[in-house]
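Numbering (the numbering used here), first residue to last: 64 to 198.
For glycine and all other residues, C-beta sits at the position ideal for the given N, C-alpha and C.
Presented below is the structure to which this report refers.
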Amino acid sequence: MATAERELDSWLSATLDFLLSIVGFIIIWYPMVSLTNAVLGFPVSTSTSNLIVGVLAFGGSYPVVAGDWSLGQLGEYIFVLLASTIGWGLVGMVAILVSGASISSSNLVPQAVVWAAAYLTAYIVVYKTQRSIFR
64 MATAERELDS WLSATLDFLL SIVGFIIIWY PMVSLTNAVL GFPVSTSTSN LIVGVLAFGG
124 SYPVVAGDWS LGQLGEYIFV LLASTIGWGL VGMVAILVSG ASISSSNLVP QAVVWAAAYL
184 TAYIVVYKTQ RSIFR
């Protein structure tokens with residue numbers, strides 16, 4: 064009976080890891096895909112864009128459960144991504160205010176630049192420097 068309980072716990076743990084990693088990858092992929100779609104002038108519909116995000120999230124979740132990727136590292140990447148988005152957004156806002164430039168609210172390129180800088184920062188902090196945020 065103990066073996067059956069361990070198998071059930073293992074299965075439930077893997078399923079929970081898989082579902083949490085899907086949510087994590089949706090948080091990662093949605094801004095990139097939707098903003099790229101908007102900057103390019105909506106070459107695909109919003110529902111297709113959402114489908115692409117879902118497929119990327121589902122496919123990216125497999126290595127978290129069965130491979131070398133860690134759910135903890137994914138969480139750290141999301142945390143650094145969101146924090147660096149706020150940070151780079153503030154830097155960009157200050158730069159625009161100091162320079163006196165005017166940017167149209169319909170121009171999505173500044174948002175894309177902020178998100179690109181945030182993705183790069185999160186990648187460097189979490190994967191290249193191997194720094195752990197929560198340990």
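Secondary structure, alpha helix (DSSP H): runs of 4+ residues fully inside the stretch 135-186: Taken in chain order, the complete alpha helix (DSSP H) segments of 4 or more residues contained in the stretch 135-186 are 172-186.
In the structure shown, what three-state DSSP assignment does Thr-111 receive? helix
Check each candidate in Ile-196, Arg-194, Met-95 and Ala-77 and name the one with the smallest Cα separation from Val-127. Ala-77
Shortest alpha-carbon distance to Leu-79 belongs to which of Gly-104, Ser-97 and Ala-129? Ala-129
Using a Cβ-Cβ cutoff of less than 8 Å, which residues in the same chain neighbour Phe-105 once the five nearest sequence positions on both sides are dropped? Once the five neighbours on either side are set aside, Phe-105 has no close Cβ partner at all.
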